[in-house]
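Single-structure report; data block below.
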Amino acid sequence: MSQLSKTEQVLKEMSQYNLEILALSKVRRPGSGIEKLPSGHSIIFFGPGSRRQHGVALMMTRKTNLSFLKRQPVSSRILTARFSRQHAKLSVVVCYTPTCEASDDVKEEFYGTLQ
Numbered sequence: 000m001s002q003l004s005k006t007e008q009v010l011k012e013m014s015q016y017n018l019e020i021l022a023l024s025k026v027r028r029p030g031s032g033i034e035k036l037p038s039g040h041s042i043i044f045f046g047p048g049s050r051r052q053h054g055v056a057l058m059m060t061r062k063t064n065l066s067f068l069k070r071q072p073v074s075s076r077i078l079t080a081r082f083s084r085q086h087a088k089l090s091v092v093v094c095y096t097p098t099c100e101a102s103d104d105v106k107e108e109f110y111g112t113l114q
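Under numbering that gives the first Met the number 0, the residue at position 56 of the sequence shown is numbered 55, and the numbers go up by one with no gaps.
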């Protein structure tokens, strides 16, 4: 029996719960970009340069991708995206908050950036 990839698992969950947009954290994908998947879904991602740590992303259906306007990577822990919905514009903020074990400097930097 073959195991599903992480992306396939997420797609299955999105379908099961009928989700149009799903925020993801701890993506660990370096760089920034938008990837179109064979299923028609898209992933908007942002992570630190070449290091595979932190990282945030949004996965969306083909239908939602049609209303996608822009993305704004803020840091390797914060990403915003803007969508045009039927009656208004929608802003989505994805955050990957530092854990309790993180240094106070890391936490202060994150919350300062979030404000």
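We treat Cβ as the ideally placed atom computed from N, Cα and C, and that holds for glycine.
Is it buried or exposed, residue i, if we count other Cβ atoms within 10 angstroms and call 16 or more buried?
i	result
V105	exposed
T125	A question about residue 125 goes unanswered here, because the residues of the chain that appear run from 0 up to 114.
G54	buried
L68	exposed
L65	exposed
Since residue i and residue j should fall inside the 8 Å C-beta cutoff, what is the C-beta to C-beta distance between them, to a whole number of angstroms?
i	j	result
R76	F109	6 Å
G39	R28	Going by Cβ atoms, the distance from G39 to R28 rounds to 20 Å, so no, they are not a contact pair.
By Cβ distance below 6 Å, which residues in the same chain neighbour residue i in space, the five residues on each side in sequence not counted?
i	result
S74	T112
I42	E34, A56 and M58
E19	T60 and T63
L21	M13 and M58
Given residue i, which residues of its chain have a CB within under 8 Å of its CB, disregarding the five upstream and five downstream residues?
i	result
K88	L68, R81 and F82
- Query: Which ranges does the beta strand (DSSP E) cover as unbroken runs of at least 3 residues, wholly within the segment 26-97, from first to last along the chain?
  - Reply: 31-35, 41-45, 55-59, 67-74, 77-83 and 88-94
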